[in-house]
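Student: Before I ask anything, let me first share the structure, which is written out below as structure tokens.
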Amino acid sequence: MAVCPKCKRKLRLFDWRQNCPDCGVNLMFFGFEERFYTDAKYAELSLAKARIKLLKIKTALIGGKLQIARLALIILPIIAVMLPIGRLSVSFPLFTKSFFISGPGLYVALTDGTFSLLGSLKNALIIGETAKTLQYSYYSFACVCAIAAIMIICELLCFISIKKMAVILCTVSMLGVTGAVFSIFSFNLLAEAAAKTGTFVTTEKGFGGYAVIAAFLIIFILNAIIAKKGLLMEYKEGDLYRVEIAQKLKRGEIMIDDIPQPVYETEQERAERQENAFLYADSGGEGN
Numbered sequence: 015m016a017v018c019p020k021c022k023r024k025l026r027l028f029d030w031r032q033n034c035p036d037c038g039v040n041l042m043f044f045g046f047e048e049r050f051y052t053d054a055k056y057a058e059l060s061l062a063k064a065r066i067k068l069l070k071i072k073t074a075l076i077g078g079k080l081q082i083a084r085l086a087l088i089i090l091p092i093i094a095v096m097l098p099i100g101r102l103s104v105s106f107p108l109f110t111k112s113f114f115i116s117g118p119g120l121y122v123a124l125t126d127g128t129f130s131l132l133g134s135l136k137n138a139l140i141i142g143e144t145a146k147t148l149q150y151s152y153y154s155f156a157c158v159c160a161i162a163a164i165m166i167i168c169e170l171l172c173f174i175s176i177k178k179m180a181v182i183l184c185t186v187s188m189l190g191v192t193g194a195v196f197s198i199f200s201f202n203l204l205a206e207a208a209a210k211t212g213t214f215v216t217t218e219k220g221f222g223g224y225a226v227i228a229a230f231l232i233i234f235i236l237n238a239i240i241a242k243k244g245l246l247m248e249y250k251e252g253d254l255y256r257v258e259i260a261q262k263l264k265r266g267e268i269m270i271d272d273i274p275q276p277v278y279e280t281e282q283e284r285a286e287r288q289e290n291a292f293l294y295a296d297s298g299g300e301g302n
């Protein structure tokens, strides 16, 4: 049930008039000025927080040539994993197949039953060791592909903390380099195992692994520069102070009534506000 904001009289359903039946106060406009200034304070603080968040996003992603280069080149690892680290070809009288250690090759292996086939061949006499090593090669390359995807996610979230996310991207980049090196090593082991089977199994080495290493190193260098130097952000005057006040208000250290309105204004803004108030008052006087 509604209550009169002045005399606290409980209003009934048939008290439909705009004024309180007891004290006569206008129910709609009572305390309007106080509510107006309170809402203005909250709006000013909220806008300051929104401006700072947008500034962080803009600065982290497209705020300069370095950030634009990082954003554009983040897809390099994805492009690099499309290139084959190597190929293994099997040629038996009743079975012929080529296995590519690459992004598309991994997708094919996941969808055409290759992993089930390799699992059943691990204990075979002639090709068992090769099948086992090929399976491990796919596993190691899958980790590289996952790291490349994680890098894109981290890049899109780099505005959360510019320096910390740059350090995280450097770490992920080095994990990608390590994974690529291990994939190359795994393929070398695969080539050695294939050589023991004679002419039935052959391998052909590609340059995809080195392309992946180069791509991750480029991302590492860009993020290392950002992590070391940081990025310059030009805040609107007073926004940091407004955010600080908003945090104190949220923690309960101050009350909304303790905050002036406007919360912060420059000397120029104060002069313009006072001039506008003077002109308005002067215009009102002439109207009377």
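All residue numbers for the sequence shown refer to the numbering used here, where the first residue is 15 and numbers rise by one. Ideal placement from N, C-alpha and C gives every residue a C-beta, glycine not left out. Computed from a predicted model, the values in this text were never measured in an experiment.
Could you pull out every residue in the same chain whose Cβ sits closer than 6 Å to the Cβ of C18, ignoring the five residues on either side in sequence?
Tutor: Cβ within range, chain order: C34.
Student: What number of angstroms, rounded off, separates the C-alpha of Y152 from the C-alpha of I115?
Tutor: Going by the C-alpha atoms only, they are around 7 Å apart.
Student: Kindly indicate the opening and closing residues of the alpha helix (DSSP H) around K242.
Tutor: Start and end: G222 to K243.
Student: Counting only the same chain and skipping the five closest in sequence on each side, list residues whose C-beta sits under 7 Å from that of A94.
Tutor: If we look at A94 and ignore the five residues flanking it on each side, its Cβ neighbours are G222, A225, V226 and A229.
Student: Measure the C-alpha to C-alpha separation of G301 and E289 and round it to an integer number of angstroms.
Tutor: Reliability fails at G301, whose pLDDT of 44 lies under 50, so the model's placement of it is uncertain and the value that follows must be treated cautiously. For G301 and E289, the distance between alpha carbons rounds to 18 Å.
Student: Please classify C21 as buried or exposed, where buried requires at least 16 neighbouring CB atoms within 10 angstroms.
Tutor: Classification of C21: exposed, given that the 10 Å Cβ count is below 16.
Student: Does DSSP classify T110 as helix, strand or coil?
Tutor: Three-state DSSP puts T110 in a strand.
Student: How long is the line joining the alpha carbons of G127 and Y121, rounded to whole angstroms?
Tutor: The alpha-carbon atoms of G127 and Y121 are separated by roughly 11 Å.
Student: Quick one: Cα of L80 to Cα of T73, how far?
Tutor: So the alpha carbons of these two residues sit roughly 10 Å apart.
Student: How would you write the range of the alpha helix (DSSP H) that V215 sits in, first residue to last?
Tutor: No alpha helix (DSSP H) holds V215; the beta strand (DSSP E) holding it covers V215 to K219.
Student: Output the distance between the C-alpha atoms of K262 and I268, rounded to the nearest integer angstrom.
Tutor: Answer to the nearest angstrom: the Cα atoms are 6 Å apart.
Student: When the Cα atoms are used, what is the spatial distance from L27 to A16?
Tutor: So the two alpha carbons sit approximately 9 Å from each other.
Student: Does N33 come out as helix, strand or coil in the three-state DSSP assignment?
Tutor: Correct three-state label for N33: strand.
Student: Which same chain residues end up closer than 7 Å to E206 when comparing Cβ atoms and leaving out the 5 residues on each side of it in sequence?
Tutor: Cβ neighbours of E206 beyond the five flanking positions: none.
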